[in-house]
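Before any comments, here is the structure.
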Amino acid sequence: MSNKSYSLEELAQVAMGEIAGDSQLQITGFAPLETAGEGDISFLVKASEVEKLTDFKGSAVIVPVDITEAAVPLIRVKDPYLASARIHGLLLEKPFVASGVHPQACVGENTAVPEQISVAAFVSIGERVKLGERITMESGVVLGDDVEVGDDVLLKANVSIANGCKLGKRVIIQPGTVIGSDGYGYATDDRGFHTKRPQVGIVQIDDDVEIGANCCVDRAAYGVTHIKSGSKIDNLVQIAHNVVVGENSLIVSQVGISGSTTLGRNVVLGGQVGVTGHINLGDGVMVGAQSGVHNNQKPGAKIGGSPALPIKNYVRAAIQHGKLPEMARDLRKLKKEVAELKSKN
Amino acid sequence: MSNKSYSLEELAQVAMGEIAGDSQLQITGFAPLETAGEGDISFLVKASEVEKLTDFKGSAVIVPVDITEAAVPLIRVKDPYLASARIHGLLLEKPFVASGVHPQACVGENTAVPEQISVAAFVSIGERVKLGERITMESGVVLGDDVEVGDDVLLKANVSIANGCKLGKRVIIQPGTVIGSDGYGYATDDRGFHTKRPQVGIVQIDDDVEIGANCCVDRAAYGVTHIKSGSKIDNLVQIAHNVVVGENSLIVSQVGISGSTTLGRNVVLGGQVGVTGHINLGDGVMVGAQSGVHNNQKPGAKIGGSPALPIKNYVRAAIQHGKLPEMARDLRKLKKEVAELKSKN
Amino acid sequence: MSNKSYSLEELAQVAMGEIAGDSQLQITGFAPLETAGEGDISFLVKASEVEKLTDFKGSAVIVPVDITEAAVPLIRVKDPYLASARIHGLLLEKPFVASGVHPQACVGENTAVPEQISVAAFVSIGERVKLGERITMESGVVLGDDVEVGDDVLLKANVSIANGCKLGKRVIIQPGTVIGSDGYGYATDDRGFHTKRPQVGIVQIDDDVEIGANCCVDRAAYGVTHIKSGSKIDNLVQIAHNVVVGENSLIVSQVGISGSTTLGRNVVLGGQVGVTGHINLGDGVMVGAQSGVHNNQKPGAKIGGSPALPIKNYVRAAIQHGKLPEMARDLRKLKKEVAELKSKN
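Residue numbers (our numbering), protein chains in the order written: chain A, 5 to 349; chain B, 5 to 349; chain C, 5 to 349.
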């Protein structure tokens, strides 16, 4: 996958690690321990699994610092999982190749297209769109009018970014995701008819955010639905109008966040979590999968269940929940026994 | 966002409200209290928040009838939330501008295209499609053969409407939504192989329905999957084959409704609710977020939890659920005490 | 819907059934009992519902073997539900009509296009793609580079298949589904910043798999995310990187399966189920709707709830859960009574 070659020294620098072995050894690829071959570097997360290196066929391994030497050249690091991500990323890096705008793409009036861009067939770009350098748009991407897209953004197949929404630098959006759909807001009259509340805000997505496939991020009613820098969102996630997602948060697949809720920095929401509207989750809050969050959460809170409890209570309650039939039986028996005791007294 | 100007009198008429102040004052825009400026009208939901008007920079405010006067012209109404939706909608209203069919769109045989239409690039319209007046289709919309679309419909980017499906007037569909995918129906043989049951029905969507982004509404096995007039559906909702959604129902994000289930009028399903197949939810049923509904529900029932209970029971049970570890401890203690008492008797 | 005509004898053969009546009777269509007309065959699942045949207006009925005769010609079979699926499928079968590649579609270099293909407008096919015979691609389909698609595959509107992914024969994918989006994998540093782990594997989908609308199947980090033959997946399902779905499994709408989890053959996951990562569900495991599965499951296990319990325990615990407020009351009363008894002793 990569033809470019790096010395072990260069890779160790990227990973802030120390070399044990030949620092000028040339590495051309990255692979798991089991499948690595000539020229490949691999990684080992736990020192206790060092015997996995016995049959290793590759050229070098990223290991935890506890491992000081082996039969193979090493890059010793504090966090091999992180170091391997950086080194693998570097080995895959390719210079941006601008294919320009495909003749079967469509660009609106008053939109200036930079030379360094790759726009596939059947991409539709609106009017007055502001485009940074080195943007890639796969086929079927739709940008509305007045959209802004920063440098080095990657928009995959069939992504749509509606009017006025803003994307920072290095944003990646997986296929099928919708940015800037109308928020879900209606006012209901006496007879039960619903009148749509106009949704005139935008979505702003800051630098280094990645959003998965087939997600929805609704535009604000007024103002901004805001995904702050470095946050990573999995597939099929729903983010309602006026939500704020703090920096470097992780939102796993199929989560739904209701309107006007604010998440702090480094919040983690497990898969299929639901968060009610108009609440605040503080920095570093962690929510277990399938939980339902209905109340404000202090920074660092760890919660689970629906409705969510502090995680320890949740786990204990879940264990007892499975024993409810026994508890009910015990309770019935006790009632009988107590009644008998009372009758004897 | 709006250049047209309306007198306070005209706006009061739309909102069925009374004016306190200059009825000929001209209003050109709508904004929240905090950001309103010259020419803007704003709104205040609760009379108790009247002090919010102190620093108001706009030109007029929609207020509850309890507020009789203020330093700023007022429209006094029963329901400011509803009145502001109507007035904001009016201020944003623009005459339909027909851009016609984009030269890079594609229209099938025997499909008559009215003059009053806006079809963007890379829209694909099938054969024998019936199109009303003033329809807007954004880029990437796909209409299958024999589709029918009513007047004033708005289909956003990458929406697909499969063969034979019918949309009423003023329907709005947010980007990425799929109407008329095959229902999930298979027959399984002795060896565990599944044979697809043909899905030959359609989807019918009545007037004034709005459907969110990346939703799925499956076509009926036979007959019709039916979304009745005025219902509003949020993002990422799954509606299975042969479901009927009654008039003016509200279905919040990530809900799933299984096959052949019928919802009455003005049903409300909270986010991430699951409804089993072949049941009926009566008019006005309300279901709390993340609930699982397995049984028929009488009109007006309010339920919550999975499996769902009457809402009061659900709330009480949820509170006790959090106390299960204490209950288990109490129960163990009681068992010991009762055993001691018995041994003494 | 079908103009071709089959004799009752031909249909009985497909359904492995026996005829009661005129074996040369010609059948041209399929319809439910209530709406069948001249030339239509219908079906009856339960012998006990035989009185439904009284007003039947069609020409023949598929019935369970227990029904030996009726006023109408019969095909008697072991499983009318399965037999009717096969017969209906046959009646709808049409010879593949190759429309070729639409002039407004786009095919990359080094991709050979077979004559027997139907590629709609605004389909984008990458470079070096391998295409089987009789493939249908609806408008808006996007195939990345190096994709492989087997014979008789149907890709509906706006489906995207990313670089390198492989589809077997007779695969059907409903609109809007994304195959080969990047897996959700990041490594986090001391300061809370996330580095993307490159996702360099593929998705492999074997023969006869059907996938619903707006689903996401992520590519493997390394190696293969694998959906094995005959599995049927409903709408809005999330399948994470390196998941393996065994043969003939059924995955109902809005399910999420986390990374590196393996499902055996004929596993059934109810709607909105969540399955954690790195676990194994054995052959034939059945999981009730909305469950959360956190542990390995033995073949044939039937489980429900979140966290999941054996299904009988789940049902019993759910019943007691609804009675928790009563249990708490009983417990309080018992505590008081026992305290009184103790004070008397």
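Using N, Cα and C, we set each Cβ at its ideal position, and we do this for glycine too.
Just grab the DSSP bridge partners of residue i for me.
i       : result
I183(B) : I165(B), V221(B)
F34(A)  : I45(A)
P202(A) : In the DSSP output, where bridge partners are listed per residue, P202(A) has none listed.
Q301(B) : L285(B)
A191(A) : T199(A)
A87(B)  : Note: A87(B) sits in no beta bridge, so no partner.
A64(C)  : I45(C)
Y10(B)  : I31(B)
P314(B) : I307(B)
Can you round the beta-carbon distance between residue i and residue j to whole angstroms, since I take them to be within the 8 Å contact cut?
i       : j       : result
H298(B) : L328(C) : No, H298(B) and L328(C) are not in contact; Cβ-Cβ is about 19 Å, not under 8 Å.
I23(B)  : L12(B)  : 6 Å
I91(C)  : F34(C)  : 7 Å
I121(C) : V101(C) : Going by Cβ atoms, the distance from I121(C) to V101(C) rounds to 11 Å, so no, they are not a contact pair.
G196(C) : R269(A) : 7 Å
G112(B) : I129(B) : 6 Å
V342(C) : V213(B) : Contact flag wrong, Cβ pair sits at about 60 Å.
E142(B) : V146(A) : 7 Å
Is the beta carbon of residue i less than 8 Å from the beta carbon of residue j?
i       : j       : result
A224(B) : G187(B) : yes
G62(C)  : N218(A) : no
A166(C) : S164(B) : no
G249(B) : I255(B) : The residue asked about is misnamed: residue 249(B) is Val in this sequence, not Gly. Result yes, Cβ atoms of V249(B) and I255(B) sit closer than 8 Å.
L171(C) : V157(C) : yes
R132(A) : D150(A) : yes
G309(C) : A293(C) : no
G234(C) : H198(B) : yes
I237(A) : G216(A) : yes
Q178(A) : S257(B) : no
D334(C) : K339(A) : yes
A322(B) : P314(A) : no
V18(B)  : L86(B)  : no
I79(C)  : L15(C)  : yes
V228(B) : G205(B) : yes
P107(A) : L48(A)  : no
Please list, in chain order, the chain A residues whose beta carbon lies closer than 9 Å to that of residue i.
i       : result
E131(C) : None at all; the shortest Cβ gap to chain A is about 12 Å.
H92(B)  : R201, P202, V204
P99(C)  : Simply none; closest approach about 30 Å.
Closest by CA to residue i, which one among the options?
i       : options                            : result
E97(B)  : S46(B), T32(B), G130(B), V277(B)   : T32(B)
C220(B) : N239(C), V221(C), K232(C), G148(C) : N239(C)
Q271(A) : E142(A), G281(A), L285(A)          : Here residue 271(A) is Val; the residue named in the question, Gln, does not match the sequence. That would be L285(A), whose Cα lies nearest to the Cα of V271(A).
P77(A)  : A312(A), G25(A), G278(A), E131(A)  : G25(A)
M290(C) : F100(C), G154(C), V277(C), I209(C) : V277(C)
D287(B) : A293(B), L267(B), C110(B)          : L267(B)
Q30(A)  : A19(A), G21(A), V259(A), E42(A)    : E42(A)
Q208(C) : D194(C), L335(C), A312(C), K232(C) : K232(C)
K4(C)   : F60(C), I66(C), A40(C), A16(C)     : Any question about residue 4(C) goes unanswered here, given that chain C covers just 5 to 349.
S52(A)  : V279(A), A305(A), V69(A)           : V69(A)
D222(A) : V204(A), H230(A), H245(A), P202(A) : H245(A)
V54(C)  : I45(C), A64(C), A74(C)             : A74(C)
Counting only Cβ pairs nearer than 7 Å, list the residues of chain B close to residue i.
i       : result
Q242(A) : N239, L240, S257, Q258
K339(C) : D334, L338
In chain C, which residues lie less than 8 Å from residue i when you measure between Cβ atoms?
i       : result
Y226(B) : A35, P36, T39
Q324(B) : L328, P329, M331, A332
Which residues in chain A have a C-beta closer than 7 Å to the C-beta of residue i? List them in chain order.
i       : result
G278(C) : G275, Q276, A293, Q294
D193(C) : L86
Going along chain A, which residues have a C-beta under 8 Å from residue i?
i       : result
P179(C) : Here the premise fails: no neighbours, minimum Cβ distance about 10 Å.
Interface residues of chain C around residue i at Cβ under 9 Å?
i       : result
K236(A) : Y188, Y190, H198, K200
A321(B) : H325, G326, K327, L328, P329
What residues from chain F crowd round residue i, counting only those whose CB sits closer than 7 Å?
i       : result
L345(B) : This model lacks chain F altogether; the protein chains it does include are A, B and C.
Using a C-beta to C-beta distance shorter than 8 Å, which residues of chain B count as neighbours of residue i?
i       : result
E313(A) : According to the sequence provided, residue 313(A) is Leu. The question's Glu does not apply to it. In chain order: G326.
A89(A)  : Here the premise fails: no neighbours, minimum Cβ distance about 29 Å.
Starting from residue i, find everything on chain B with Cβ-Cβ shorter than 9 Å and list it in chain order.
i       : result
V175(A) : Simply none; closest approach about 18 Å.
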